[in-house]
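In the order they appear, the protein sequences are chains A and B.
Residue 81 is where the first sequence starts when you use our numbering, and the numbers rise one by one after that.
Residue 50 is where the second sequence starts when you use our numbering, and the numbers rise one by one after that.
Since the structure comes first, as structure tokens, the remarks are kept for the end.
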Amino acid sequence: MLFSQLITKLIQDTTEKSLPLFGVELCLCVTIVLMLLVRLFSADRVLPACITAVVGAAAALTCSWLQYRELFAQSAPVSTELFTGLLIHDNFTVYFRAFLSLFLLLTVALTSLTGIPDEEDGPDFYSLLFGATLGMMLMASSNSLLMLFIAVEMASVPSYAMVGFLKGQKSASEGALKYVVYGAGAAGVMLYGISLVAGTLGTADMSLLSERLAAVAADGSGGLGDPELRTFALGLLMILAGLAFKLSLVPFHFWCPDAFEGASAEVAGFLSIASKAGAFALLVRLCISMAGAEGAETLLTAFGVGLGVISIITMTLGNLAAYGQDNLKRLLAYSTIAHAGYMVMAVSAMVVMLSDTAAGDVSRSVASAMEGLLYYLFVYLFMNLGAFAVIALVRNHTYGETIGDVRGLISQAPVLCVVMLVCFFSLVGLPPFGGFVGKFFIFAAVFNAGSSHSFMYVLLAFGCLNTVFSLFYYIRVLKTMFLETRDEDARPVPVQFASWESAFVLTLAGFVILLGVAPYVMSTTANSAAQALVMLQ
Amino acid sequence: MNPFLLLSLLIFLPLIGALLLLIFDEKNTEAMRFWSLGVTLVTFIMSVVLWGQYDPAQGMLLADVADWVPSWNVYYRLGVDGISLPLVVLTGLVSSLAMAASWSITKHVRGYLILFLMLEAGMMGVFLSLDFFLFYVFWEVMLLPMYFLIGVWGGPRREYAAIKFFLYTLAGSVLMLIAMLMFYFVSGGTEDSFNLVALAQRASEGTLMSPSMQITAFILLFIGFAIKLPAFPVHTWLPDAHVEAPTPISMILAGVLLKMGGYGIIRIAFPLCPYGAQYCAWAMVAIGVFSIIYGAFAALAQTDFKRLVAYSSVSHMGYVLLGLAIWKINETTGETLNSDYWQMGLNGAMFQMIAHGVSSTGMFFMVGVIYDRVHHRDLNKFGGLMGLMPLYSGMAAGLFFAGLGLPGLCGFIGEVFVVISTWSFSPPLAILAASGVILTAGYILWALQRVYLGAEYRGPHAEDITPSNGRENAVAAILMVLAVVLGVYPAVLFDVMEPSIRAMAEASAEGCQNAIFQLDQLQASIQR
Chain A
81 MLFSQLITKL IQDTTEKSLP LFGVELCLCV TIVLMLLVRL FSADRVLPAC
131 ITAVVGAAAA LTCSWLQYRE LFAQSAPVST ELFTGLLIHD NFTVYFRAFL
181 SLFLLLTVAL TSLTGIPDEE DGPDFYSLLF GATLGMMLMA SSNSLLMLFI
231 AVEMASVPSY AMVGFLKGQK SASEGALKYV VYGAGAAGVM LYGISLVAGT
281 LGTADMSLLS ERLAAVAADG SGGLGDPELR TFALGLLMIL AGLAFKLSLV
331 PFHFWCPDAF EGASAEVAGF LSIASKAGAF ALLVRLCISM AGAEGAETLL
381 TAFGVGLGVI SIITMTLGNL AAYGQDNLKR LLAYSTIAHA GYMVMAVSAM
431 VVMLSDTAAG DVSRSVASAM EGLLYYLFVY LFMNLGAFAV IALVRNHTYG
481 ETIGDVRGLI SQAPVLCVVM LVCFFSLVGL PPFGGFVGKF FIFAAVFNAG
531 SSHSFMYVLL AFGCLNTVFS LFYYIRVLKT MFLETRDEDA RPVPVQFASW
581 ESAFVLTLAG FVILLGVAPY VMSTTANSAA QALVMLQ
Chain B
50 MNPFLLLSLL IFLPLIGALL LLIFDEKNTE AMRFWSLGVT LVTFIMSVVL
100 WGQYDPAQGM LLADVADWVP SWNVYYRLGV DGISLPLVVL TGLVSSLAMA
150 ASWSITKHVR GYLILFLMLE AGMMGVFLSL DFFLFYVFWE VMLLPMYFLI
200 GVWGGPRREY AAIKFFLYTL AGSVLMLIAM LMFYFVSGGT EDSFNLVALA
250 QRASEGTLMS PSMQITAFIL LFIGFAIKLP AFPVHTWLPD AHVEAPTPIS
300 MILAGVLLKM GGYGIIRIAF PLCPYGAQYC AWAMVAIGVF SIIYGAFAAL
350 AQTDFKRLVA YSSVSHMGYV LLGLAIWKIN ETTGETLNSD YWQMGLNGAM
400 FQMIAHGVSS TGMFFMVGVI YDRVHHRDLN KFGGLMGLMP LYSGMAAGLF
450 FAGLGLPGLC GFIGEVFVVI STWSFSPPLA ILAASGVILT AGYILWALQR
500 VYLGAEYRGP HAEDITPSNG RENAVAAILM VLAVVLGVYP AVLFDVMEPS
550 IRAMAEASAE GCQNAIFQLD QLQASIQR
């Protein structure tokens, strides 16, 4: 093939196939450039950054909605490789694109309600926010180990800056520094892991992983004694360390409480939800791409059980550590850790079922495990953002974020209290709130995986036990809000029923309830996204 | 009326009523109270209409089924039979009476009423749903209002009591969740996998679960329900919750919430894992008898009037567990022995649930009436109320006698049925259970003596003791009349309950026999 032909083909591939399907990401890019340009020409008095950001996020949401409509209407799932196979465009990608754009829109709305950042810093802050989201979208669609690394970094670097955004606050700088140091370490380890995996398998293309893995396993003895497989396992473990950092799984969770405490509540909410969603998308893709490698089943089962062990440790530690916290953001940081543990349960169940050779067709069970994860993430968006929004709104009036600041709040801001109640009970996992349905789906998947490996029953037992543990600290906050009387000298929190703030948090709470009483709104979508990924494999 | 509409209205009418409370002016507490009373009364009337529509011979009255979560085969499936119908009517009645007793609540009235009506919706839902998932959702939905009703409007140690109640129930329901998943996957995740009627049918044919799995599932379910019942040793939440809750909520707790434990055992645990239930029969009987004796002794030791009534609930609910569990089989053939006695025990247990619903609701109300006046509950600082409040004291004595199990009042029938049928299971245990009646008489008579008899009142706030008002008299009189009617003519209930209970018992016996047959075959194949 001639060089010029190659170039022509590349241009054709990029402009005709890839770019149209890359529209959502392009929306974000354009918005970033626009915001910076507006400030360059001093037009930000006329057009504040938050307006541009809202419009940009809304455009991204519309775009992903159109992609969703187009893709989910088709009878058989399709996947298209973009940019010569670096990215992949399928139902799963689109689900996460829509998820992240919706979340971006909600976060921008929240920040413009709470006034963080101020007008001066607006363009900086929103560029970072949009940049991080862009990285997370790439995480959800990456199809190559190289892209995996770039996407994770793309999402991480703006996040570091956002954590330290409250300039002049010691805790913010401390949190950001911890986050950076940890992040850099994790990225290094992950990159090393990628090189090991790519080196053993001879490819960085994730769609070829299972095929190559099978070839490597067939070469050697097949068991874990095989040096090549052992190298691969080591590489996999290192990649997992990088992802575990993003997911704040134990023992890579240390940054999380400090970063959350230092960051503003809005940023903490963003980090706890969006970066988790991106990392889960990536983890699922990685696991699915290795599935079905003949000869490596023992390795993969061990990987699945290992994920289960991490999940047990993560949720137990998160829930126990949350109990002693006085700072609400710190408390929610530990709750975030615990919830990452719950969600890893689903991935663990999925991997164990995929690597079970004795079982027949597992695609339905695997899809329902993934459906549980996707549904949980979707509910988690609303319930966690709701909780952080309430903290942010209270902080705007009391300048504090401790449990003491919400003591007896029911007498002054009943709307905020009711929203907090809905979000917290949903986080515990009680019906009729959405968190229950998500938890039920995940528990059911884990129980179902018990027939593949009996360790799953242990995992389930710990999941249930943790649900009971977690009640303690959530209800401690609610008890302070509802049952105690407000201090005489506490600053008032005058949030009226008829105000934008109330409307915003009530919308979030409304979605939490809607997802609990009418799960089919989302469960069918989540199911078809999951099924598409499983069937395409 | 169309059963689907009627059953759905029973659940959702209180919820709609709660939502409409939001449009009232917050200052106008009187109007809100009357509105809520109206809502509970209409719900009660509808439950009576349902009683009128129900024909005991037809078995289960099923409503149309609606989709809820199709991908998980969860349906909105309601229905009622002779086991749940009396409990539905009891819920309607106790809710109305408790609402009438709620005039003493003066703090955050609107919040109280909204939570109260939500609680009623949850309770109705538990008794009416025939889909396991739906049942579980309603079971949990009640937790939230109950936590706040105890935690905000309760007594001095309300926060501790509320969290304890919440935690115990949540722990139990998590176990129930695991059992639910077991049933779902064992039955293949088909559209009948949460259908309690279909699951019971399959269990009775012996095609649902293996015998060893049945034991696991039954134990999980039983712990969950025993917490609610409550049976020793998981009863410790009850004295705290009952004592700290405000009077109307204590009435609901004792009158309805405890019955959910018994109902769950008879509706879910027994029919779905008959072999497991039979396997655990001895343990359950032992727990039941121990609860009777333990509760009675604990009640004897109390000086707090309300705590005494709370422990009497532990003792009385022990009879329910005992009546359910006296199921004896021939170990080799798997045939149920003395099937008539077991059914009598089941009938007695069901009757005891309703009777306890009437008598304990009344006892808690009576304690509340005097507490509203003198603001203390110390048994040693009462006395002489008979002279000061004659009508109140008379009715209180009547309701306490109903709790005691005096012949002619409702408590007698249930206890006697259970004790007689226990004799066929194990005469020594029957004697022990019967001796519980003596202890019951002991603590109730002693309490009556200390509170109502005597020359004069010896406690604080003597000047506030006024005769009971019309509202209080009406509530007490309704309960008193019911106690007498049920005691004199128990067939009102038995006619409705008996066919359903017989069907349940026969299906369970068959299921157990099938399971034992399977076990025999398994053993034979191993030996070969």
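We put the beta carbon where it would ideally sit given N, CA and C, even for glycine.
Computed from a predicted structure; not experimentally measured.
Could you confirm whether any beta carbon from chain B is found closer than 8 Å to the beta carbon of A/Ser624?
-> The question about residue 624 of chain A has no answer, for chain A in this structure spans 81 to 617.
Can you tell me whether A/Leu120 is buried or exposed, with buried defined as 16 or more other CB within 10 angstroms of its CB?
-> Your numbering for residue 120 of chain A matches position 40 in the first sequence. Exposed: under 16 other Cβ atoms inside 10 Å.
Identify whether A/Ser192 lies in helix, strand or coil by the three-state DSSP scheme.
-> As a working mapping, residue 192 of chain A is identified with position 112 in the first sequence. Correct three-state label for A/Ser192: helix.
Since I believe B/Asp353 is in contact with B/Val292 (beta carbons under 8 Å), could you give me their beta-carbon distance rounded to a whole number of angstroms?
-> Translated into positions along the second sequence, residue 292 of chain B becomes position 243. Translated into positions along the second sequence, residue 353 of chain B becomes position 304. Confirmed, Cβ separation roughly 6 Å.
Would you be able to state if there are at least three C-beta pairs under 8 Å between the region 515-531 of chain B and the region 443-453 of chain B?
-> Yes, the region 443-453 of chain B is in contact with the region 515-531 of chain B.
Name the residue from B/Gly128, B/Ile65 and B/Lys308 whose alpha carbon lies nearest to the alpha carbon of B/Pro52.
-> The sequence position of residue 52 of chain B within the second sequence is 3, counting from 1. Cα-wise, what sits closest to B/Pro52 is B/Gly128.
Where B/Asp241 falls: helix, strand or coil (DSSP) | Residue numbering aside, residue 241 of chain B sits at position 192 when the second sequence is read from its first letter. Residue state, collapsed to three classes: coil.
So, does the CB of A/Thr194 fall closer than 8 Å to a CB anywhere in chain B?
-> Stepping through the first sequence from its first residue, residue 194 of chain A is reached at position 114. Closer than 8 Å to the CB of A/Thr194 there is not a single CB belonging to chain B.
Starting from B/Val123 and walking both ways along the beta strand (DSSP E), at which residues does that stretch end?
-> On the second sequence, position 74 is the one that residue 123 of chain B refers to. Run containing B/Val123: Val123 to Val129, per the beta strand (DSSP E) assignment.
Taking A/Ser181 as the reference, give the member of A/Tyr414, A/Gly202 and A/Leu209 with the closest Cα.
-> Within the first sequence, the letter at position 101 stands for residue 181 of chain A. The residue with the shortest Cα to Cα distance from A/Ser181 is A/Leu209.
So, does the CB of B/Phe73 fall closer than 8 Å to a CB anywhere in chain A?
-> Here residue 73 of chain B refers to the residue found at position 24 when the second sequence is read from its first residue. No, because no Cβ of chain A sits closer than 8 Å to the Cβ of B/Phe73.
Pull up the CB-CB distance for A/Phe245 and A/Val347, whole angstroms please, since I reckon it's below 8 Å.
-> Along the first sequence, read from residue 1 onward, the residue named residue 245 of chain A stands at position 165. Along the first sequence, read from residue 1 onward, the residue named residue 347 of chain A stands at position 267. Contact holds; Cβ gap of about 7 Å.
Simplified DSSP assignment, three categories, for A/Ala429 = For the purposes of this step, residue 429 of chain A is taken as residue 349 along the first sequence, with counting starting at 1. DSSP places A/Ala429 in helix when its eight states are reduced to three.
Would you list, in chain order, the members of the region 217-239 of chain B that have their beta-carbon closer than 8 Å to a beta-carbon of chain A?
-> Hits within the stretch, in order: Leu219, Ala220, Val223, Leu224, Leu226, Ile227, Leu230, Met231, Tyr233 and Phe234.
Distance, Cα to Cα, B/Gly457 vs B/Leu497?
-> Looking up residue 457 of chain B in the second sequence gives position 408. Looking up residue 497 of chain B in the second sequence gives position 448. Roughly 19 Å between the two C-alpha positions.
Kindly say whether B/Ser261, judged by its beta-carbon, lies nearer than 8 Å to any beta-carbon of chain A.
-> Residue 261 of chain B sits at position 212 when you count from the first residue of the second sequence. Judged by the 8 Å Cβ criterion, B/Ser261 is not in contact with chain A.
Own chain partners of A/His477 with C-beta closer than 8 Å, once the 5 adjacent residues on each side are dropped | For the purposes of this step, residue 477 of chain A is identified with residue 397 of the first sequence, where counting begins at 1. So the list reads Arg571, Pro572, Val573, Pro574 and Val575, once near-sequence residues are dropped.
Could you give the distance in angstroms between the alpha-carbon of B/Phe281 and the alpha-carbon of B/Phe214?
-> Counted from its first residue, the second sequence places residue 281 of chain B at position 232. Counted from its first residue, the second sequence places residue 214 of chain B at position 165. When rounded, the distance between both Cα atoms is 15 Å.
Would you give the residue range spanned by the beta strand (DSSP E) that A/Val158 belongs to?
-> For the purposes of this step, residue 158 of chain A is taken as the residue at position 78 of the first sequence. First-last for A/Val158: undefined, no H or E at that position.
Members of the region 463-481 of chain B that neighbour chain A once the beta carbon cut-off is set at 7 Å | none
Classify A/His533 as helix, strand or coil using the three-state DSSP reduction.
-> The residue labelled residue 533 of chain A in the question sits at position 453 within the first sequence. Reduced to three states, the DSSP call for A/His533 is coil.
Is it the case that the Cβ atoms of B/Thr285 and B/Ile375 are separated by a distance below 8 Å?
-> Here residue 285 of chain B refers to the residue found at position 236 of the second sequence. Here residue 375 of chain B refers to the residue found at position 326 of the second sequence. No. Outside cutoff.
B/Ile154: buried (16+ other C-beta within 10 angstroms of its C-beta) or exposed?
-> As a position in the second sequence, residue 154 of chain B is number 105, starting the count at 1. Under this definition B/Ile154 is a buried residue.
Any Cβ of chain B within less than 8 Å of the Cβ of A/Val470?
-> The residue you call residue 470 of chain A lines up with position 390 of the first sequence. With 8 Å as the cut-off, A/Val470 does not count as an interface residue toward chain B.
Does DSSP put B/Lys156 in a helix, a strand or coil?
-> Here the question's residue 156 of chain B lines up with position 107 in the second sequence. In the structure shown, B/Lys156 sits in coil (DSSP, three-state: anything other than H, G, I, E or B).
In chain A, what lies closer than 7 Å to B/Pro119 by C-beta?
-> The residue given as residue 119 of chain B occupies position 70 in the second sequence. Those within 7 Å of B/Pro119 in chain A are Tyr600.
Any alpha helix (DSSP H) of 4 or more consecutive residues that is wholly inside the region 463-514 of chain B = 476-500
Using a Cβ cut-off of 7 Å, which residues of the region 456-480 of chain A contact any Cβ in chain B, in chain order?
-> Residues of the region 456-480 of chain A with a Cβ closer than 7 Å to any Cβ of chain B: none.
B/His291: first and last residue of the uninterrupted alpha helix (DSSP H) it sits in | Position 242 of the second sequence, counting from 1, holds the residue named residue 291 of chain B. Its alpha helix (DSSP H) spans residues Trp286 to Glu293.
For my contact list, A/Val432 and A/Gly375 are in at a C-beta cut-off of 8 Å; report their separation, rounded to the angstrom.
-> Taking the first sequence and counting its residues from 1, one reaches residue 432 of chain A at position 352. Taking the first sequence and counting its residues from 1, one reaches residue 375 of chain A at position 295. With 8 Å as the limit, A/Val432 and A/Gly375 do not qualify as a contact, their Cβ atoms being about 17 Å apart.
Apart from the five residues on each side of it in sequence, which residues of its chain come closer than 7 Å, Cβ to Cβ, to B/Ala348?
-> Within the second sequence, numbered from 1, the residue matching residue 348 of chain B stands at position 299. Counting only Cβ-Cβ distances below 7 Å, and skipping sequence neighbours, we find Leu357, Tyr360, Ser361, Ser364 and Tyr492.
If B/Leu55 and B/Val98 are in contact, beta carbons under 8 Å, what's the gap, nearest whole angstrom?
-> As a first step, residue 55 of chain B is located in the second sequence; it is residue number 6 there, counting from the start. As a first step, residue 98 of chain B is located in the second sequence; it is residue number 49 there, counting from the start. Confirmed, about 7 Å.
Roughly how many angstroms lie between the CA atoms of A/Met270 and A/Ser428, to the nearest whole one?
-> Within the first sequence, the letter at position 190 stands for residue 270 of chain A. Within the first sequence, the letter at position 348 stands for residue 428 of chain A. One C-alpha to the other measures close to 20 Å.
Whole-angstrom Cβ separation of B/Pro279 and B/Leu287, contact assumed at under 8 Å?
-> The residue you call residue 279 of chain B lines up with position 230 of the second sequence. The residue you call residue 287 of chain B lines up with position 238 of the second sequence. Approximately 5 Å separates the beta-carbon atoms of B/Pro279 and B/Leu287; this is inside 8 Å, confirming the contact.
With 16 other Cβ atoms within 10 Å as the buried cut-off, status of B/Lys156 = Residue numbering aside, residue 156 of chain B sits at position 107 when the second sequence is read from its first letter. So B/Lys156 counts as exposed.
Distance between B/Cys322 and B/Ala564 (C-alpha atoms, nearest Å) | Start at 1 with the first residue of the second sequence, and residue 564 of chain B comes out as number 515. Start at 1 with the first residue of the second sequence, and residue 322 of chain B comes out as number 273. Going from the Cα of B/Ala564 to the Cα of B/Cys322 covers about 10 Å.
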